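With UniProt numbering, the residue at position 65 of the sequence shown is 65, and numbering never jumps.
Don't be surprised by glycine CBs; every beta carbon is placed ideally from N, CA and C.
Quantities reported herein were computed from a predicted structural model and do not represent experimental measurements.
Down below is the structure, laid out as C-alpha cells.
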Amino acid sequence: MGIKEIQEEIVDEFSMFEDWMQRYEYMIELGKSLPLIEEQYKTDDNIIKGCQSKVWVHAELEGDKLVFTADSDAIITKGIIAILIRAFSNQRPQDIIDADTAFIDQIGLKEHLSPTRANGLVSMIKQLKLYAVAYQTQLN
Numbered sequence: 001m002g003i004k005e006i007q008e009e010i011v012d013e014f015s016m017f018e019d020w021m022q023r024y025e026y027m028i029e030l031g032k033s034l035p036l037i038e039e040q041y042k043t044d045d046n047i048i049k050g051c052q053s054k055v056w057v058h059a060e061l062e063g064d065k066l067v068f069t070a071d072s073d074a075i076i077t078k079g080i081i082a083i084l085i086r087a088f089s090n091q092r093p094q095d096i097i098d099a100d101t102a103f104i105d106q107i108g109l110k111e112h113l114s115p116t117r118a119n120g121l122v123s124m125i126k127q128l129k130l131y132a133v134a135y136q137t138q139l140n
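What follows is the structure, encoded as C-alpha cells:
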C-alpha cells in the first residue's frame, strides 16, 4: 500500500471518533503497537531535536524500502510517532521525500496539540524526511 492510501486510511479511522478524547485514546493505542526501536539505537544521535518529550527514531534500508522504528517516553508522543511511522515506514525513500503531510491537518492533529507538541510533530516529520533524503542519496 502506498503512502497516500495509508494516509487516507488513517484519516478515515480518525473520522470515526466523535470527540478528541476518543482520538487521544486511539493515539495511545496506536502508540502501543509502535515498532519499537532496539535499545542500542536509543542514543542522543537518534533523539529528535525540538520535541518536548524524548523521541528516538531509527531508520534502516531493507532492499529499496526505508523501515523506521521508534520509541518515546510520553504516551501521546508515542502515538504521534506511531501514526507517522505507519504512513512512512516500508516505503521508498523518494516516495517519503515527495509525500504530502496534509493528512495531519485532515485529522486535526496539529490544532489539538499544545504548541510544544505541535513543534515536536513538525520536528518528527522533518527527521523522517531527512532520513529519506540521506538514504535516497545512498541509492543514487
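**Q.** Residue(s) in a DSSP beta bridge with residue 210
**A.** For residue 210 there is no data in the structure shown, the boundaries of the chain being 1 and 140.
Q.
On the CB-based measure, 16 or more other CB atoms within 10 Å of its CB, does Ile2 come out buried or exposed?
A. The displayed chain sequence assigns Gly, not Ile, to residue 2. Around the Cβ of Gly2, a 10 Å sphere holds fewer than 16 other Cβ atoms; the residue is exposed.
Q: Rounded to whole angstroms, what's the CA-CA distance from Pro115 to Gly31? Just pull it up for me.
A: A straight line joining the alpha-carbon of Pro115 with that of Gly31 spans about 20 Å.
**Q.** Candidates Asp64, Pro35, Ala99: closest to Gln7 by CA position
**A.** Measuring C-alpha to C-alpha distances from Gln7 to each of Asp64, Pro35, Ala99 identifies Ala99 as the nearest.
Q | Unbroken alpha helix (DSSP H) run spanning Asn119, endpoints | A | For Asn119, the uninterrupted alpha helix (DSSP H) segment begins and ends at 115–139.
Q. Beta carbon of Val55, beta carbon of Thr69: below 7 Å?
A. By the CB criterion at 7 Å, Val55 and Thr69 fall outside the cutoff.
**Q.** Residue ranges of each beta strand (DSSP E) within the region 63–109, 3 or longer
**A.** Listed in chain order, the beta strand (DSSP E) elements of length 3 or more contained wholly in the region 63–109 are 65–72.
**Q.** Span of the alpha helix (DSSP H), counted from its first residue to its last, around Gln22
**A.** Unbroken alpha helix (DSSP H) run through Gln22: 20–32.
Q: In the DSSP assignment, find the alpha helix (DSSP H) that holds Lys4 and state where it starts and stops.
A: Where Lys4 is concerned, the enclosing alpha helix (DSSP H) stretches over 3–15.
Q.
Let me make sure I understand the geometry here. Which of Leu36, Thr43, Thr101, Glu60 has the alpha-carbon closest to that of Asn90?
A. Considering only alpha carbons, the answer is Glu60.
Q. To which residues of the same chain is Ala13 closer than 8 Å at the C-beta, ignoring the five residues directly before and after it?
A. Looking at the sequence itself, residue 13 is Glu, so the reference to Ala does not match. Non-local beta-carbon contacts of Glu13 in its own chain, meaning distances under 8 Å to residues more than five positions away in sequence, involve Tyr26 in chain order.
Q. Which residue from Asp73, Asp64, Lys65 puts its Cα closest to that of Gln52?
A. Gln52 has its Cα closest to that of Asp73, out of Asp73, Asp64, Lys65.
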